[in-house]
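Notes for the one structure printed next.
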């Protein structure tokens, strides 16, 4: 039976940057380990997805609709439909004295959160720190390999699966 909005499915996936092939997320432990992104705090197994919800990029929901259990599909998503284009206004120059005032020693590649916004230090020069608040995948076309493992009918299993995701 084809999958539609509001169906609950168990989904395996691997997300890659199209240009480089770098894996940024997966439900497969061996793939995560091979890509160097394995997180020991994460359980690797099919995720429970409420189709049409805000759990994934909207374009992925569109691609999942119509698939059936056992189907596999590779989906290419342009940056505009994924994590957006890079926005130059989200790159900020912050005076080094602001960091010193808070006893922070910034370094290139340092992740930080300012006013609730996650960012990454890109450069440090001339007493200024350039921080990029764009999503790390902004401006990148991505590819997802999807596999529909199962559908879920039992309400208790749906709730349990959603709790694991969040």
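In this note's numbering, the protein residues as written are -10 to 155.
Beta carbons: idealized from backbone N, C-alpha and C, even for Gly.
Counted within 10 angstroms of its Cβ, other Cβ atoms place residue i as buried (16 or more) or exposed
i	result
residue 5	buried
residue 86	exposed
residue 3	buried
residue 188	The chain is shown from -10 up to 155; residue 188 falls before or after that span and cannot be answered.
residue 82	exposed
residue 92	exposed
residue 71	buried
residue 112	exposed
residue 123	buried
For residue i, the nearest candidate out of the options (CA to CA)
i	options	result
residue 132	13, -5, -3, 30	13
residue 150	-4, -8, -10, -9	-4
residue -8	3, 18, 52	52
residue 1	63, 55, 72, 102	63
residue 55	148, -10, 122	-10
residue 147	17, 27, 37, 18	37
Whole-number beta carbon distance between residue j and residue i, since they are thought to touch under 8 Å
i	j	result
residue -1	residue 35	4 Å
residue 58	residue 139	6 Å
Under the three-state DSSP convention, the category residue i falls into
i	result
residue -8	coil
residue 40	coil
residue 108	strand
residue 58	coil
residue 117	strand
residue 84	strand
residue 125	coil
residue 93	coil
residue 66	strand
One or two residues paired with residue i in a DSSP bridge
i	result
residue 168	Coverage of the chain is limited to positions -10 through 155, which leaves residue 168 absent and any answer about it impossible.
residue 100	109
residue 5	12, 132
residue 139	-1
Residue i Cβ short of 7 Å to the ligand ATP heavy atom set
i	result
residue 31	By its list of ligands, the structure shown contains no ligand whatsoever, and the ligand ATP lies outside what it can speak to.
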